[in-house]
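Q: Just so you know, this note's numbering puts 514 at position 118 of the sequence shown, and the rest follows in order with no gaps.
Just so it is clear, CB atoms sit at the ideal spot from N, CA and C, and this is done for glycine as well.
Since the structure is predicted, the reported quantities are computational estimates derived from the model, not experimental observations.
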Amino acid sequence: MAQEYWFHHVGLSVTDFEGSIDWYARVLGFRCQGRFHNPNIPADMAMLRNGDMHVELLCVPGSVPVPPERTIPDEDLKTCGNKHISFACADVPAAIEDIRSRGGDVVWIKDNGGGRINAFIRDHEGNLIEFMQRARVEDHQAFLQDVRSTTPA
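1. By a C-beta neighbour count over all protein chains shown, 10 Å radius and 16 as the cutoff for buried, is Asn436 buried or exposed?
2. Ile505 CB to nearest chain D CB: under 7 Å?
3. Just mark Asp507 as buried or exposed, buried being the case when its beta carbon has 16 or more other beta carbons within 10 Å.
4. Tell me the DSSP secondary structure of Ala421 in three-state form.
5. With DSSP run on the structure shown, which of helix, strand or coil describes Arg530?
6. By the three-class DSSP mapping on this structure, what secondary structure does Arg498 have?
7. Less than 7 Å between the C-beta atoms of Leu453 and Ala439, yes or no?
8. Rounded to the nearest angstrom, what separates Val488 and Glu526 at their Cα positions?
9. Taking 8 Å as the cut-off, does the segment 489-504 touch the segment 457-464 (at least 3 CB pairs, one atom from each stretch)?
10. Rounded C-beta distance between Ser416 and Val423? I'm assuming under 8 Å.
11. Let's test the definition: count the other Cβ atoms within 10 Å of the Cβ of Gln529 and tell me whether it reaches 16, buried, or not, exposed.
12. Just to confirm before moving on: does the CB-CB distance between His520 and Trp419 stay below 7 Å?
13. For Gly415, name the three-state secondary structure that DSSP assigns.
Here you go:
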C-alpha cells in the first residue's frame, strides 16, 4: 500500500534571486523563512511562507528566463509539465485589486458563475500564479466535490 503524502512546498527557478524574494514579499506578503547556498547544485535558495503555503526559490548560474509562451495561461497548457501555482482565497476581486496596487502583473480575472471567480497573475519572472475564490477546504471529499462542481460536463 502506498504511503499517504501531503503538500510540502512548490519550487521555482528564478534568474533574479533578490528581486524574487522582494517581489513575493511586497506583492503577495510572503516572508523569507531562511536562505542558504547549496554548493551541490550549485544554487542560492530561499524558503518563503504565507500561511500554510511555502515557496522555494532557486537561482542557479546560467539560468534563463521563462519563455514567452509559458507566461500565458492557455498557451502554457500546450507545453507538458507543471503549469502554475494556485492559491485559494475568499475574495478574488479584492485580492487582485490589492495585488495590482502592489505592482502585480494581472493576466486576467474571470467570473465563472455561481461565486466561482478565478484570476491569473505573473510574478516578475513570468511564472504563472492562479487565484481561485473558494472557502477553505479541510477534507479530501469536500475538495473533490469542489473540483467536480467547477468542471464542465
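A: Concretely, from the data shown:
1. exposed
2. Given the protein chain composition of this structure (a single chain), no chain D is represented.
3. Around the CB of Asp507, fewer than 16 other CB atoms lie within 10 Å, so the residue is classed as exposed.
4. The DSSP-derived three-state label of Ala421 is helix.
5. coil
6. coil
7. no
8. 10 Å
9. no
10. Not a contact, Cβ separation roughly 11 Å.
11. buried
12. It is a contact, given that the beta carbons lie within the stated cut-off.
13. helix
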